[in-house]
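Written out below as C-alpha cells is the structure these notes cover.
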Amino acid sequence: MAVVPARAQRAVEVPLTRVLRAVVTDEGRVDYRRLAAEHRDDLDAALRAIDRQDPAALRTDAQKTAFYVNAYNAHVMGRVLEHGATNLERQDLFQEFFRSPLPVAGHRMTLDQLEHGVLRRQAQVDGAPVLPALRALRPSAFDVRIHAALNCAAVSCPPLLDRAYTAETLDADLAARWRAFLGSSRAARLDGNGRLTLSSLFDWFAEDFEASGEALGDVILAGMPRQRAVTYRRSLAGRSAADLRADDRVSFAYDWTVNRSR
C-alpha cells in the first residue's frame, strides 16, 4: 500500500534526519559503525518509505528533487553497510554498488539510473536507454547544484547535509551546499607552484555546468566565496572545460575511499 500523499515525504524525512544528525560529523564524514549499531532501524524505516512513496504525490519539482536526492543518499548509506566497503574504485564493487537495482517509489532502479536518468534527465544510463517509467519520475528541469547534494560515499564527494532535504527549504539548502562545496578543497585547490587541482565532478559533468552557456571556470568562480574567488580568478576566469582539460597545469582528481569517520 502506498504512503498517504500528505504524509509521504515526512515518512522519509523524519527517520532520515534522525540518522543524519546522529552520524554525519563536522568534517562531513559518516560514522557507519554508529549507524549500524544505533540507527539502522531509522535508516530501514526511511528506505521502506522511499520504496512505498507514490510518485504521483510528488507534484512539484522541489518535492521530486528533495525526495530523489534523499533516496539516493539513504540508499548509498545502506549500500555501505551492506558491502562493508572501504574503497569504491574496485571495479567489481563499483558495478554492484552503483549498477544493481534498488526499490524507489515503487520502481526498481540503480543508483546510476536515479542520479543520471531521473535527476540529471539523461537519455541513456550505462549504455542503455532510460525507460519511459523512469523518465516519468523526473523533475521538469535539472538543477546543477544537485551535484553538491548527492553523496556517493567517497571522500571526495560533497559532504552530506546533516538532515534530510525538504521541498520547503530545498532552494536555500542547495544554495548553501553549492557554496560550501565550492569554498572547500574538495572542489578546487592551488599548490605553491600555481598548479590547480579540480574535483573530477567538473570533468565528468562539464556539460551540466556549462549548460547555461557560461564557461566552466566562470561557473566555479561565481559559486565561490568572494575572497576565494579572487585567489582563483587567474586560473579559472573565462576558461571552458576544454581549456582546463588541455592545460597541463590543471588536473582533475577524485578519492574513492569511503567517507568513514573511523
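Heads up, the sequence shown is in the numbering used here, so the first residue is 37 and it goes up one at a time. Yeah, the Cβ is synthetic: ideal placement off N, Cα and C, and Gly gets one too.
field: Sequence-distant residues of its chain with Cβ nearer than 7 Å to Val40 (five each side left out)
entry: Translated into positions along the sequence shown, residue 40 becomes position 4. Note that Val40 scores a pLDDT of 44, beneath 50, so its modelled location is shaky; the value from the coordinates is reported in the next line. Within the same chain, Val40 has no close Cβ partners at all.
* Outcome for Arg167 when other beta-carbon atoms lying within 10 angstroms are tallied against a minimum of 16 -> Your numbering for residue 167 matches position 131 in the sequence shown. Per the sequence shown, residue 167 should be read as Leu rather than Arg. Leu167 should be labelled exposed.
query: What residue from Leu138, Pro194 and Val55 has the CA that sits closest to Arg88's CA?
result: As a working note, residue 88 is residue 52 in the sequence shown. For Arg88, the nearest C-alpha among the options comes from Leu138.
Practice problem: Could you please give the first and the last residue of the uninterrupted alpha helix (DSSP H) stretch that includes Pro168? | Solution: As a working mapping, residue 168 is identified with position 132 in the sequence shown. Segment Pro168 to Arg171, the alpha helix (DSSP H) holding Pro168.
Tell me, which residues are paired with Arg215 by DSSP?
-> For the purposes of this step, residue 215 is taken as the residue at position 179 of the sequence shown. None, per the DSSP bridge assignment.
Check your understanding: Rounded to the nearest angstrom, how far is the Cβ of Arg135 from that of Asp148, given a contact under 8 Å?
Key -> Along the sequence shown, read from residue 1 onward, the residue named residue 135 stands at position 99. Along the sequence shown, read from residue 1 onward, the residue named residue 148 stands at position 112. Confirmed, about 6 Å.
Report task. Would you mind stating whether Leu124 and Val294 have Cβ atoms separated by less than 8 Å? Result -> As a working note, residue 124 is residue 88 in the sequence shown. As a working note, residue 294 is residue 258 in the sequence shown. Their beta carbons are under 8 Å apart, which means Leu124 touches Val294 by this criterion.
Please classify Arg92: does DSSP put it in a helix, a strand, or coil?
As a first step, residue 92 is located in the sequence shown; it is residue number 56 there, counting from the start. Checking the sequence shown, residue 92 turns out to be Ala, not Arg. Here Ala92 sits in helix by DSSP.
Any contact between the segment 186–202 and the segment 92–106? By contact I mean 3 or more CB pairs, one from each, below 8 Å.
yes
Open item on the list: Using only the alpha-carbon positions, how far apart do Leu117 and Ala72 sit?
Closed with: Your numbering for residue 117 matches position 81 in the sequence shown. Your numbering for residue 72 matches position 36 in the sequence shown. Those two C-alpha atoms are separated by around 7 Å.
Item checked: Residue span of the alpha helix (DSSP H) that contains Leu71, given as start and end -> Counting from one through the sequence shown, the residue named residue 71 turns up at place 35. Per DSSP, Leu71 belongs to the alpha helix (DSSP H) from Tyr68 to Glu74.
Can at least three beta-carbon pairs, one atom from the segment 168–177 and one from the segment 274–282, be found at a separation below 8 Å?
-> no
Quick one: Cα of Leu196 to Cα of Gly230, how far?
Numbered from 1 along the sequence shown, position 160 holds the residue referred to as residue 196. Numbered from 1 along the sequence shown, position 194 holds the residue referred to as residue 230. Their backbone Cα atoms lie some 30 Å apart in a straight line.
Taking the alpha-carbon positions, what's the Val60 to Thr53 distance?
By one-based count along the sequence shown, residue 60 stands at place 24. By one-based count along the sequence shown, residue 53 stands at place 17. Between Val60 and Thr53, the C-alpha separation is close to 10 Å.
According to DSSP, is Arg264 part of a helix, a strand, or is it coil? Position 228 of the sequence shown, counted from the start, is the residue given in the question as residue 264. Here Arg264 sits in helix by DSSP.
Exercise for review: Ignore the nearest five residues each way along the sequence and tell me which others in Gly219's own chain have a CB closer than 7 Å to its CB.
Suggested key: For the purposes of this step, residue 219 is taken as residue 183 along the sequence shown, with counting starting at 1. So the list reads Met260, Pro261 and Arg264, once near-sequence residues are dropped.
Is Thr146 buried or exposed, if buried means 16 or more other CB atoms sit within 10 Å of its CB? The sequence position of residue 146 within the sequence shown is 110, counting from 1. Thr146 should be labelled buried.
(request) If I'm right that Val140 touches Asn187 with Cβ under 8 Å, what's the distance once you round it to whole angstroms? (result) Stepping through the sequence shown from its first residue, residue 140 is reached at position 104. Stepping through the sequence shown from its first residue, residue 187 is reached at position 151. At roughly 16 Å, the Cβ-Cβ gap does not stay under 8 Å, so Val140 and Asn187 are not in contact.
### Message
On the CB-based measure, 16 or more other CB atoms within 10 Å of its CB, does Ala172 come out buried or exposed?
### Response
The residue given as residue 172 occupies position 136 in the sequence shown. Exposed, by the Cβ-count rule.
ask   = Roughly how many angstroms lie between the CA atoms of Tyr68 and Arg296, to the nearest whole one?
value = Translated into positions along the sequence shown, residue 68 becomes position 32. Translated into positions along the sequence shown, residue 296 becomes position 260. Answer to the nearest angstrom: the Cα atoms are 6 Å apart.
* Asked: Quick one: what's got a C-beta closer than 7 Å to Leu129's C-beta in the same chain, skipping five residues either side?
  -> What you label residue 129 is simply residue 93 of the sequence shown in a count that begins at 1. The residues are His119 and Ala121.
In or out: Ser221 buried (at least 16 other Cβ within 10 Å) or exposed? Residue numbering aside, residue 221 sits at position 185 when the sequence shown is read from its first letter. Exposed is the call here.
DSSP three-state call for Met113: helix, strand or coil?
-> Position 77 of the sequence shown, counted from the start, is the residue given in the question as residue 113. Correct three-state label for Met113: helix.
Residues in the same chain with beta-carbon distance under 6 Å from Phe288, minus the five sequence neighbours each way, listed in chain order, please. Position 252 of the sequence shown, counted from the start, is the residue given in the question as residue 288. Contacts found: Leu234, Ser236 and Asp239.
task: Specify, as a first and last residue, the run of the alpha helix (DSSP H) that Ala185 falls within.
output: To locate residue 185, count along the sequence shown from 1; it is residue 149. Neither: Ala185 is in no alpha helix (DSSP H) and is coded neither H nor E.
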